[in-house]
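Visitor:
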Amino acid sequence: MVSNPVHGLPFLPGTSFKDSTKTAFHRSQTLGYRNGYAIVRRPTVGIGGDRLQFNQLSQAELDELASKAPVLTYGQPKQAPPADFIPAHVAFDKKVLKFDAYFQEDVPMSTEEQYRIRQVNIYYYLEDDSMSVIEPVVENSGIPQGKLIKRQRLAKNDRGDHYHWKDLNRGINITIYGKTFHVVDCDQFTQVFLESQGIELNPPEKMALDPYTELRKQPLRKYVTPSDFDQLKQFLTFDKQDS
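The sequence shown finishes on residue 243 if you use the UniProt record's numbering, and the numbering steps up by one all the way, no holes.
(1) Give the DSSP bridge partners of residue 180, in chain order.
(2) Would you say residue 212 and residue 105 are within 7 Å of each other, going by their C-beta atoms?
(3) Considering only residues of the same chain and omitting the five flanking positions on each side of residue 205, which have a CB-CB separation below 7 Å?
(4) Could you spell out where the alpha helix (DSSP H) holding residue 120 opens and where it closes?
(5) Whose C-beta lies closer than 8 Å to the C-beta of residue 1 among residues of the same chain, with five residues either side of it excluded?
(6) Can you look up residue 167 in the DSSP assignment and give me helix, strand or coil?
(7) Which residue wins for smallest C-alpha separation from residue 148, given the options 120, 233, 46 and 237?
(8) Relative to the alpha-carbon of residue 207, which residue among 222, 215 and 181 has its alpha-carbon at the smallest distance?
(9) Pick helix, strand or coil for residue 188, following the three-state DSSP scheme.
(10) Which residue's Cα is closest to the Cα of residue 126: 91, 188, 27 and 100?
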């Protein structure tokens, strides 16, 4: 038999009494079938037909709690651990942005050319924000080529500000030590990196060509002096004549 506490008394030994009139102590049936499918019903009474001693919620209320209050099921949300700090010289080690550019150089004492177009590569090193300018070596050019500006942080104005990768783009002019370089294009890695940082790149441009160099590449014209020499006339004139 089940002991029921007397109303107003604490549920302690000696304060609960058994109901001798109750003979059924089975649990209420909660399993059944509906349209051939097994279903689970919520219990309406306790053991022996006693009233349940807790506040029953409807299925709609239970669904609302499950959908709108996940904290009741999963607990308080936990914050993700902070990402490990990685210094810039480690995160951007050996990552270099490459830009194709050119600058125009005056040729004052020459009758064949007035200016010269010199093609260069501008490198930006992400690990320390330094830059360098290198001109590809052309054989028999007769001018100093190679590393025009060694790797260093380059000032972009008189206030002491330095060039940053956010200042670089296609189709712009940058001035370094009095020389104005026009950027025409960049490599694939540079394009992907700048676009990932939210920078909208200008369309690529064609590399300017040096007019004198292109002239030297053209084949030389051959000049043939016209002649009125006629071999048949010579044969008839000097026929049967011995020297």
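From the three backbone atoms N, C-alpha and C, an ideal C-beta is built for every residue, glycine too.
Bear in mind the structure is a predicted one, so any value in this text is a computation, not a measurement.
Guide: In brief:
(1) 175
(2) no
(3) 170, 171, 184 and 185
(4) It is not in any alpha helix (DSSP H) - residue 120 instead sits in the beta strand (DSSP E) that spans 115-125.
(5) In this prediction, residue 1 scores a pLDDT of 49, lower than 50, which makes its location untrustworthy; no coordinate-derived value is stated.
(6) helix
(7) 120
(8) 181
(9) helix
(10) 91
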